[in-house]
Each structure stands twice: as C-alpha cells, then as structure tokens.
Amino acid sequence: MVPLSWYLILSGILFSLGVLGFLLKRNIITIFMSIELMLNAVNLTFVAFANYWNTHPVADKSIVPLSGQVFVFFVMVVAAAEAAVGLAIIISVYRTRETLNVDRVNLLKL
Amino acid sequence: MTKNLNLWVIPLLPLIGAAINGLLGRRFKNTMVNAVALLFTAASFGWAAWAVWTAWPGSGVALPHIETVATWITAGNFSAPFGFQLDQLSMIMVLVVTGVGFLIHIYSVGYMAHEGGYYRFFAYLNLFMFFMLTLVLANNYLLMFVGWEGVGLASYLLIGFFFLKDSAADAGKKAFIVNRIGDFAFLIGMFLLIQHCGTLTFSGDSGVFAQVAKLPQDTGWGWITITALCLMFGATGKSAQVPLYVWLPDAMEGPTPVSALIHAATMVTAGIYMIARSHAIFNLAPHALQIVAIIGCITAIFAATMGLAQTDIKRVLAYSTVSQLGYMFLACGVAAYSAGIFHLMTHAFFKALLFLGAGSVIHAVGGEQDMRRMGGLRKLIPVTFWVVTIATIAIAGIPPFAGFFSKDEILGAVFHSPYGGPVIWGIGVLTAGLTSFYMFRLWFMTFFGELKLGSVDLGEEAHAAHAPAQAAHGAASHSHGHADDHSHGHGGVHESPWVMLAPLVLLAALSIVGGWVGWPQFMRGHNEIEHFLAPVMQSGPSVAGEAVSDKDATTSHAGETTPENTSEEWLLAGTSVAAALIGLFFAYLLYYKSPGLPDRITSKMHGIYMMVLHKYYVDEGYGAIFVKPLLALSTVVLWRGVDQGVIDGLVNGAGTASQGVGNELRQMQSGNIRSYAAWVALGGAAIVAYMIWLGVTR
Amino acid sequence: MVHQVLFIVFGLICVAGAINLLVQRHPISSALSLVVVMASLALIYLLLGAEFVAAIQVIVYAGAIMVLFVFVIMLLNAGAEERTRGSRIALFVGVPGVIILAGTVGWMLVSGSRRLGTVSISSSNFGETHAIAKLLFKEFLLPFEITSVLILIAIMGAVVLGKREN
Numbered sequence: 175m176v177p178l179s180w181y182l183i184l185s186g187i188l189f190s191l192g193v194l195g196f197l198l199k200r201n202i203i204t205i206f207m208s209i210e211l212m213l214n215a216v217n218l219t220f221v222a223f224a225n226y227w228n229t230h231p232v233a234d235k236s237i238v239p240l241s242g243q244v245f246v247f248f249v250m251v252v253a254a255a256e257a258a259v260g261l262a263i264i265i266s267v268y269r270t271r272e273t274l275n276v277d278r279v280n281l282l283k284l
Numbered sequence: 012m013t014k015n016l017n018l019w020v021i022p023l024l025p026l027i028g029a030a031i032n033g034l035l036g037r038r039f040k041n042t043m044v045n046a047v048a049l050l051f052t053a054a055s056f057g058w059a060a061w062a063v064w065t066a067w068p069g070s071g072v073a074l075p076h077i078e079t080v081a082t083w084i085t086a087g088n089f090s091a092p093f094g095f096q097l098d099q100l101s102m103i104m105v106l107v108v109t110g111v112g113f114l115i116h117i118y119s120v121g122y123m124a125h126e127g128g129y130y131r132f133f134a135y136l137n138l139f140m141f142f143m144l145t146l147v148l149a150n151n152y153l154l155m156f157v158g159w160e161g162v163g164l165a166s167y168l169l170i171g172f173f174f175l176k177d178s179a180a181d182a183g184k185k186a187f188i189v190n191r192i193g194d195f196a197f198l199i200g201m202f203l204l205i206q207h208c209g210t211l212t213f214s215g216d217s218g219v220f221a222q223v224a225k226l227p228q229d230t231g232w233g234w235i236t237i238t239a240l241c242l243m244f245g246a247t248g249k250s251a252q253v254p255l256y257v258w259l260p261d262a263m264e265g266p267t268p269v270s271a272l273i274h275a276a277t278m279v280t281a282g283i284y285m286i287a288r289s290h291a292i293f294n295l296a297p298h299a300l301q302i303v304a305i306i307g308c309i310t311a312i313f314a315a316t317m318g319l320a321q322t323d324i325k326r327v328l329a330y331s332t333v334s335q336l337g338y339m340f341l342a343c344g345v346a347a348y349s350a351g352i353f354h355l356m357t358h359a360f361f362k363a364l365l366f367l368g369a370g371s372v373i374h375a376v377g378g379e380q381d382m383r384r385m386g387g388l389r390k391l392i393p394v395t396f397w398v399v400t401i402a403t404i405a406i407a408g409i410p411p412f413a414g415f416f417s418k419d420e421i422l423g424a425v426f427h428s429p430y431g432g433p434v435i436w437g438i439g440v441l442t443a444g445l446t447s448f449y450m451f452r453l454w455f456m457t458f459f460g461e462l463k464l465g466s467v468d469l470g471e472e473a474h475a476a477h478a479p480a481q482a483a484h485g486a487a488s489h490s491h492g493h494a495d496d497h498s499h500g501h502g503g504v505h506e507s508p509w510v511m512l513a514p515l516v517l518l519a520a521l522s523i524v525g526g527w528v529g530w531p532q533f534m535r536g537h538n539e540i541e542h543f544l545a546p547v548m549q550s551g552p553s554v555a556g557e558a559v560s561d562k563d564a565t566t567s568h569a570g571e572t573t574p575e576n577t578s579e580e581w582l583l584a585g586t587s588v589a590a591a592l593i594g595l596f597f598a599y600l601l602y603y604k605s606p607g608l609p610d611r612i613t614s615k616m617h618g619i620y621m622m623v624l625h626k627y628y629v630d631e632g633y634g635a636i637f638v639k640p641l642l643a644l645s646t647v648v649l650w651r652g653v654d655q656g657v658i659d660g661l662v663n664g665a666g667t668a669s670q671g672v673g674n675e676l677r678q679m680q681s682g683n684i685r686s687y688a689a690w691v692a693l694g695g696a697a698i699v700a701y702m703i704w705l706g707v708t709r
Numbered sequence: 393m394v395h396q397v398l399f400i401v402f403g404l405i406c407v408a409g410a411i412n413l414l415v416q417r418h419p420i421s422s423a424l425s426l427v428v429v430m431a432s433l434a435l436i437y438l439l440l441g442a443e444f445v446a447a448i449q450v451i452v453y454a455g456a457i458m459v460l461f462v463f464v465i466m467l468l469n470a471g472a473e474e475r476t477r478g479s480r481i482a483l484f485v486g487v488p489g490v491i492i493l494a495g496t497v498g499w500m501l502v503s504g505s506r507r508l509g510t511v512s513i514s515s516s517n518f519g520e521t522h523a524i525a526k527l528l529f530k531e532f533l534l535p536f537e538i539t540s541v542l543i544l545i546a547i548m549g550a551v552v553l554g555k556r557e558n
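Chains as they are written, first to last, in the working numbering: chain L, 175 to 284; chain G, 12 to 709; chain U, 393 to 558.
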C-alpha cells in the first residue's frame, strides 16, 4: 500500500547522491562506486514499475508486466561486466600514474 | 540613299594594331612592329578618306550619316547605342586625327628607333588612335565619353612611357588625375542631359540637340546653363585651360612624338570638338558662353606670358599649345565654332610640325633640350631649320601661312561678338604679339648664334657644364633634360633620317596651304571651310556679329559680305599682323642683335621674372591647397582609419574573435573528469527539465 | 501500514548509507557503506514482492561486485583521499545541475503522487523465478544470449587490461 511515488522519490534521491559522489569525490574507485549507486537507483525504479504494471494492468499489449525485473537482470549483468573491465582499467592506470587521484589523471587535455 | 560606310571599321583597325603589338610585340623585331602599326593606321586613314569622299556633301549621302552597330545600354527609357556619326564636323576631325596621326607614326619609326619598349610605344599609340577615333565618330555622349576617358588613359600611358623615371611617372599621374577632375564635371553634365532629355544621342528627332532646340534661351542659370558649364569644365580638363592646364607642361616628359600627336594635334582638341558638337546647348546659355570666352582669353594670355621665360624647347611649345587652345576656346565662347574648328585644324598642322621639328632638333644635338645650349643650328640641320621656320611663321599668324587665316577669323569674330568685344579682342591681339615673340625667340635661340653645347654655365640652375650625353641629370624642374635619351653617340650634330624628315615636309606644306580653305571673304576668298561646316553649326540666337541678316542664318561668322565691313576687317587683320611683326622685331632685338639684353632686362625686373619663370607658382599653389590636404586626408582618415582600422579590424577581428572563442571553449577540455561529469549532469538536468516541462504543459 | 513503516525504515538506511559513501574519506569505508545500501535495497525489493531480484541483488551485486571492489582496494593499497585542488566547475556547475535534476524530478513526483497510485505485494507469481525465467527465455532470448557474449568480452578485456607488461 505504499505509494509508487515514494519508491520513485527514493530512487531519485539515491541517483542524485550518486551523481554528487561522482562530482565531488577524488578517488577513482569511489567514483566507480558512485556509478554503481546510480545503477542501483535505476534498478529500484524498474522493479517498482514492474510491480505497478502488474497490479494495475494496462490495455497496451507492448508493456509486458514483469519485464522490469528482467531488465534489472540485464542491468546487473552489465554492471558486473563494467565493474570488471573498469577495475582492470583502474589497475593499469594506477600502474602508470602511481596515483588514484582523479585530478592527477588529466593528460587528455588541450 | 543610306549607304553603309561601316564607320566602325575606322576605330577598330588601330585597335587591332594595338592588340597585336601589345600582346605579341615583345617578340617582334622592330620592323615587324612598324609594319603592324603603320599598316593599321594607314588602313584607318584610307578608310576614313574613302568614307569622307563617299559622303562628301553633294554626293547624295544624307548628312549627318548615322550608323548604329548595336545597342549598348538599355535602362528604362534610356538607351545608348554603339553608334557612329559622320557629318562635316567629324569629317574634318577624323581626317586630321588619322592623317596627322599617320604622319607621326612614320616619324616615330625614326625617332624611337633606339628606345627600349619599342613595341609598347606603338601599341599605345595605336590604342590612342582607337580611342580618339571613337571620340570623334561617336553619335552619343556616352560613347564619346568612352573615347574621352580612353584618350586620357592612352595619354597617361604615353606620358609615363619612360616609367623608370620618377618625373615621367609623376607627370603621367598628374595628367590623368587632373583630366579626371574635368571628366567628373563632364559626367555631371551628361547626367543633367539624361535627366532633362532622356537620351544622350546627338542627332535625330529625339536626340539631345533636337530637344534642346525647342527650348527658349536660358538667360539665367537654369539647367541648360549648368549643363553647359559642366561640359565646359570637362573641356578645360582635356584641353588644358585655366584652371586645369597644369598637366600639359609636365606632359612633355613623354617622348616628343607623343607630345606632337596627343598634346598638340588631337587629344587636347577633344574639348574644343566637344564644345563645337554641343553648340546647340551652348547657344542657349549666354552666361556659359561668356565664361567660355573669358576662360579662353585668360588662358591664352596667361600661357603666353609663361612661355616667355621657359628655356626648355618643349616647354615653350607646351605653353604655346595651351595659349592656342585658349584661342580655340575663345572662338567657341563667341559662338564662332567653325572658326574654332578651323584653328584646330591649322594648329594641328603647325603645332605637330613644331613638336616634330623640336624632336628633330633634340635628336640632332644628342638629347639636349635646353635652348640656351643650342644655337647656330641652321647650317647644320637645314631641312629641320626650314620646316621649323615655316611652322613658326604659321603660328605667328603672318599671312599667307595657315595660322593667319584661322587666327584672324577668331579675332574678327571676337571683336564683333557681344561675348567678346574690343577689350577681349585687344587681349587676343596682345597674345598674338606675345606668341610671335616667344616663337621667334625659340627660333633665334635654336638656329642662330653659336652652338653652345656643353659650354654654358646655366646660371641659377647652378650646375657645372656637362657633356650633352650626361646632361640627362637635368637642371631645375623645367629644363629637366632628357625624357628621351638621344645621346646615341653618333658624334656631332647631324640631320635626322628621311623617315623623320618626310612627315615634317608634308606638315610644312600643309601649314602653308592649310589656311587657304578659310580664305576670308573680305579678301575676296570664299571661306570654304565656314560654308562646309555651316550645316552642322546651325546656330540659334545670339551669334557673333551684327551684320548677319537673319535670313542667312546658316553662318556664325561676322562681317560677311557687306562692303562697309570690309575696311573694318582689313583693319582688324592688319592689327594682328602688325602685332606679330612687332613680336618678331623684339625677338630679333633681344636674341639676335644684342644677346645680352634679355639678362639685363630680367635682372631689372627680377621679381616679376622669377614669378613668370616659376609659372606664377600655380603648381605650388595647387599642391598646397588641394594635393597636400587630400594626401593627408587619405593617409590619416582613409588609410589608417578606414582601411587599417575598420576593414582590417573587421577581418582580423573576425579571426581574433574566433581564436578568442576557441580559446575560451578550449578551457572545457581540461582533462579533468569531474568537470566533464559536471557538464554532463547539467546537460542531463536540462534535458530532463525540458521533458518535464513538455509533459506538464501538454 | 506496516509496509509503509518498513519502507521508510529501509529507505532511511539506504539514504544514510549513500550519504556515508559520500562523506567517508577512505574508500574501504565507502565500499562498505555501499554494501549497506545494496542490502537495504534488497530488502526493499522484498517489500515489492520481487524475491528473485532481491536474491540476485545480494548474491551478484553485494556478493560479487562489491567483493571485487574491496579486492581492488586492497590490491592497490588505496589510502585515504588527499585533498587536491579540485575542479571549480564540478562544484559550481555540477552541483546546481544535480539540484535542478533532483528538484524537478522530485517536484513532479510529489505533485503527481496521488495520480500514480500505490504498489503492493499482490499476486503470488510476481517475483517468481519461474515467471521471470519464462520471460527471459522467450521474449528476451536474444538479449540474454547477447549478454552472455558481453560477459565473455568483459572477461577477456579484464584479463588483457590487467596483465602486467613485461
């Protein structure tokens, strides 16, 4: 009996905190974790809507009611792959630049 | 019947010659260049002669004979054709231009033989012929203006022919710029004509002159007077009248044949021709005619005084040209147009002869142009001596040579005209005396006495005596020495080759007999030229003379036929001849009998002499009043201000602005991930906000 | 009623964990806070009736991905964050951007909350593995197979990138 908007507001708050983390933190790994936080927030939205379409059936046949959860599945897969590759990149950056401070890794500037 | 004379061929032939010589002449040998140039000029003369013969009055061809080749401009109601017109006036002009031009081409073959840029000279000369023929054969003001500007261009090219010399290049510029000032006035006049008549074509029922003829005489300052004044001002530029005469003396920097052709016989007469052609307009504008007469008179005497003090042989002739042009202007000013044209014709003969003869003299003495270094040449170059003598007598106005008849015609018209009167006539006679004086001065200084080449210290042009070959580093501004370097070391004074002498002899013959076509009636002649030109010069009211009966409205000459005028005419003629002889006497006195006398006189009148010697400081005056401020304006305002500041500023500024913007935008690529993320966040927020706004408002 | 209280509790834990992630200076503390966030999110999924999702959230996300993170932190010996001169733009452009984003979304959600209605744990087969599997292998078969290829590529990428240059 929880209003849907509460879930969405929670998701929004988590997402905004994720963006803030991305902007304000200096450690690359922490920035990565903020990205994971953002992905989680989006997952919550998907699941909430999946439930919503399940309980409030809609005539539009293109909306498969449980597909939100399937999408969460995919998001997690992608997040895993991304985390793996991303951390590998971080490791190789650390090997080259000897630092995990994102402000020091700014060679791609004009 | 309207026979097609293909008049357009006449200007076209020299143009082809100019094109061939100009484009290909660099590789030609001199003989080839000669052949091309002379061939086309002769062909043009031949065609012109044939056309004149065919269209001679009485042959059945209606005059004016007009041929329109094509339409040039059509704009609304206005249209200007490529049209050519042959009538008595243009017949005389075209024969003078092609004939004298051809003789001068022949002369140039000999004169320019050792010069560099040979092909260029003949190309320019042919180009000049093309433009001049366009000018005299045009049937509308616009095409005439094309020729007008074109002869100015050719004049510039030819005056500055020795372009490596600063003074020559400057003289060319001066000529062109001063001419341009006059041309501006000409343009204004043409615009007024377009405004009031809607056309610029001369003849025909809808032509300018037909329309103008229906108007009453403009006694005030209406548009007709203003138009006439504008046209007159244009003529003062081209025909070197006061105030725009200053370019002609400097134009002597050009080679001598150029001075003969352009600045004696043809280009400078374009103004006179234009006024004669526009006589219908001028006749309706008494104020304009008066001003024309006054300007002509002032120019005549002014230039004659300046010619008294000059020491460069060509400068004397230049001022003489200005003075004689003043006479022609004066003739037009008293509505005696045919007299002006008559003097134009005779002047072409003897002035061209004088210039070519001077060229022959200069050639003989190896490039020297200062008369004080000449002398005693009459035994050394006899042919040149005789032809120059003939020309000098002609210009002095001593009968029965050509100058007397035309000058007397003019002076007679002036005396009887309300625009002239006895005062102006008196000044004209005085000028005739001065003309005779300085011309015989030239004659005595050049041909009599002893040859002083290289052995004379030139006094205030303080300067050690040079050998003639080195006198190219001339002294002061007017005896500036050798525009054309004729020191080709033949050694000694020698006569010119026959290719140069033959045209001189021909011109001398014309100078003797040329005046006889205008043998006045009071001397029991028939004044053929006046009758010839009469149909063209059908004049309106207020012509010269009170004895002309109104039924006899085809002439503009005073003192015709009636017996009680003949004694008056004899008196007037006698006075001018007497003035000429007095001038001769004084020249004889000062330059032959007692050669020390001129120096004593000038030292007594030092102030006046200096003023005359420096041409009344007119050039300096113009420089200070017009040239320097204009130059300052150009440099400070237009160059630094507009060109460098505004235009360069805009263009460079656009570049600098792009660079600046680029610089600013570059800051975004800082390599800092967090700033990238910030921009993404902002962008994303903007998109989301926009979508929400879209959704909400829907 | 109970659901709402539970939701508020777990929601607050989520937000607290997220804020802690931001505030902590040492990355390991941030990682552990993130684990807390994921765990409470799993509980919220349970509140929504999505058991399967909750389960894989814990197993995959908190159990594998976060462990990977912790391992990397350990490997790289990441220390406490140092204060470097940051990017002013991030502060002055990004933060307002976030605020705008959060603000607009939040305002829209709050103003439309009545229209949106409620969610609840309703029918039994909502979170069932069986139902999700059916979808996965029928409608979403192609994406499923592609994700397997994706994982393969990720593995290869991680191996290549992580190799030490000799």
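Even glycine gets a Cβ: it sits at the ideal position worked out from N, Cα and C.
Asked	Found
To the nearest angstrom, how far is the alpha carbon of D419(G) from that of A342(G)?	11 Å
To the nearest angstrom, how far is the alpha carbon of L18(G) from that of G87(G)?	28 Å
With a threshold of 8 Å between beta-carbons, can A482(U) be considered close to chain G, or not?	yes
Under 8 Å: do the stretch 244-264 of chain L and the stretch 441-455 of chain U share three or more Cβ pairs, one atom per stretch?	yes
Can you check whether the C-beta of S669(G) is within less than 8 Å of a C-beta belonging to chain L?	no
Where does the unbroken beta strand (DSSP E) through T82(G) begin, and where does it stop?	H76 to A86
How would you list, in chain order, the residues of chain U whose beta-carbon sits under 9 Å from the beta-carbon of V699(G)?	I492, L493, T496 and V497
Taking Cβ-Cβ distances shorter than 7 Å, what residues in chain U pair up with S645(G)?	Chain U residues near S645(G): none, gap ~52 Å exceeds 7 Å.
Exposed or buried, what is N150(G) when buried is set at 16 or more other beta-carbons lying within 10 Å of its beta-carbon?	buried
Let's see if you can read the secondary structure: which residues bound the alpha helix (DSSP H) around A262(G)?	First-last for A262(G): undefined, no H or E at that position.
Under 8 Å, do N538(G) and P546(G) count as touching if we go by C-beta distance?	no
Which residues of the stretch 179-202 of chain L have a Cβ closer than 7 Å to any Cβ of chain G? Give them in chain order.	V193, F196 and L197
Tell me the residue span of the beta strand (DSSP E) that contains A424(G).	Segment A413 to H427 is the alpha helix (DSSP H) holding A424(G); no beta strand (DSSP E) there.
According to DSSP, which residues form a beta bridge with P92(G)?	T82(G)
Please list, in chain order, all residues of the same chain as S90(G) whose beta carbon is under 7 Å from its beta carbon, the five residues on each side excluded.	T82 and I84
DSSP state of E571(G), grouped into three classes?	Unreliable positioning characterises E571(G) in this predicted model, as indicated by a pLDDT of 45, which lies under 50. A coordinate reading is not provided.
Let me make sure I understand the geometry here. Which of V672(G), P411(G), D381(G) and V653(G) has the alpha-carbon closest to that of A320(G)?	D381(G)
Specify, as a first and last residue, the run of the alpha helix (DSSP H) that P531(G) falls within.	Premise fails: P531(G) is in no alpha helix (DSSP H) and is neither H nor E.
Classify L600(G) as buried or exposed, calling it buried when 16 or more other Cβ atoms lie within 10 Å of its own Cβ.	exposed
Please report how far the alpha carbon of V464(U) lies from the alpha carbon of I183(L), in whole angstroms.	32 Å
Which term fits W180(L), buried or exposed, when burial requires 16 or more other beta carbons within 10 angstroms of its beta carbon?	buried
When DSSP labels each residue in this structure, what does D277(L) get in the three-state scheme?	coil
For L242(G), tell me which candidate among A276(G), P227(G), I273(G) and G344(G) has the shortest Cα-Cα distance.	G344(G)
Which chain G residues are close to D277(L), counting only those with a beta carbon under 9 Å from its beta carbon?	N683, I684 and R685
Pick out the complete alpha helix (DSSP H) segments inside the stretch 144-170 of chain G, 4 residues or longer, and give them in chain order.	152-170
Does the CB of M430(U) have a neighbour CB from chain L at under 8 Å?	yes
Report the rounded CA-to-CA distance for I406(G) versus Y135(G), giving the unit in angstroms.	29 Å
By DSSP's criteria, V176(L) is part of a beta bridge. Which residues make up the other side?	V511(U)
For S447(G), which residues in the same chain have their Cβ closer than 6 Å to its Cβ, ignoring the five residues on either side in sequence?	A407, A591, G594 and L595
Going by DSSP, name the residue or residues bridged to D323(G).	D381(G)
Alpha carbon to alpha carbon, how far is S178(G) from T79(G)? Give it in angstroms, no decimals.	43 Å
List, in chain order, every chain L residue whose beta-carbon is nearer than 7 Å to that of A689(G).	L197
How would you label E471(G), buried or exposed, when you count the other beta carbons within 10 angstroms and need 16 or more for buried?	Because the pLDDT of E471(G) is 37, which lies under 50, any placement of that residue in the model is unreliable, and the number read from its coordinates should be weighed accordingly. With fewer than 16 Cβ atoms within 10 Å of its Cβ, E471(G) is classed as exposed.
Residues of chain U with CB closer than 8 Å to the CB of T285(L), please, in chain order.	It is not possible to answer for residue 285(L), since the shown part of chain L is limited to 175 through 284.
List, in order along the chain, the chain U residues whose C-beta lies closer than 8 Å to that of A665(G)?	What A665(G) touches in chain U: nothing, since even the nearest Cβ is about 29 Å away.
Please name the residue or residues paired with L97(G) in a DSSP beta bridge.	H76(G)
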